[in-house]
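In the numbering used here, the protein residues as written are 98 to 303.
C-beta: ideal position from N, C-alpha, C; glycine also.
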Amino acid sequence: MSKLRKTKAIVLLIIAITLAIMILSVSATVGQQSPFSEVKEKLSAISEEEKEVLQNLFILTQEIELMEKAEKELVLETEAIRKEIEDLEKAIAQEELVYEKKKESLKQVLKSYQRMGSGSFLEIILDSDSLSTFLQRINILRDLARNTEMLLEQLEASGKKLVDEKSELSAKLALLNDKQESLRKVINDKTELKAEKEEYLASLEG
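Below, the structure written as structure tokens:
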């Protein structure tokens, strides 16, 4: 049995003994006065010190329970944030691969442009031996230009996505740090409350 359960058991035992004494006292004096007035009298007979003892024990128990609940909630929140961070790190690693591939593709296209030069494009078009070949070559060059533009757009979108994901990751890491700090505080507060309660119970036994 944990210390907290033992402490709760002591509190319940004190309350049970107090109630049992009152009930037995009421039963012994039945006929002399009404049970309700007898109970009221017995309750009023509890000293202010005893009332304070029970009240303090109850408050401490409730505060510890609230701390334990807060601790459990923070642990769950922390675990959820850690999972989100892991997923983000995987997404960033994947996006970096996509980004590098797009960059390499664009590099190859630009190298082709550089090797051919602007004059080469004109030669390709003008050397066409028929109208259909001429139109085909124009379409090929147009597609090449369109693909280059598309690669540039994809590269830009991939880069922006990386920036956004890394920014989100930084925010999640900061949030995780805050939650861990809150969790440490709750655990420390709970430990102090438990020590205070045990001290208080020890003083009553003494």
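| query | result |
| --- | --- |
| How many angstroms separate the CA atom of Ile-284 from the CA atom of Ala-188? | 34 Å |
| Closest to Glu-197 by CA distance: which of Leu-249, Gln-277 and Leu-266 is it? | Leu-249 |
| Determine the closest residue to Thr-245 out of Lys-208, Glu-262, Leu-272 and Leu-273, with distance taken between C-alpha atoms. | Lys-208 |
| Alpha carbon to alpha carbon, how far is Leu-252 from Gln-277? Give it in angstroms, no decimals. | 37 Å |
| Taking the beta carbon of Ile-156 as the centre, do at least 16 other beta carbons fall within 10 Å, making it buried, or is it exposed? | exposed |
| Can you name, in chain order, every residue of its own chain whose Cβ lies under 7 Å from the Cβ of Gly-128, other than the five neighbours on each side? | Note on Gly-128: pLDDT 49, under 50, position unreliable in the model; no value is reported. |
| Just to confirm my understanding: we take Ala-242, look at its own chain, exclude 5 residues before and 5 after, and list those with CB closer than 6 Å. What are they? | none |
| Would you decide whether Lys-294 is buried or exposed? Buried here means 16 or more other CB atoms lie within 10 Å of its CB. | buried |
| Taking the beta carbon of Ala-292 as the centre, do at least 16 other beta carbons fall within 10 Å, making it buried, or is it exposed? | exposed |
| Cβ of Lys-208 versus every heavy atom of the ligand ZN: is any distance shorter than 6 Å? | The ligand ZN is not among the ligands present in this structure, which contains no ligands whatsoever. |
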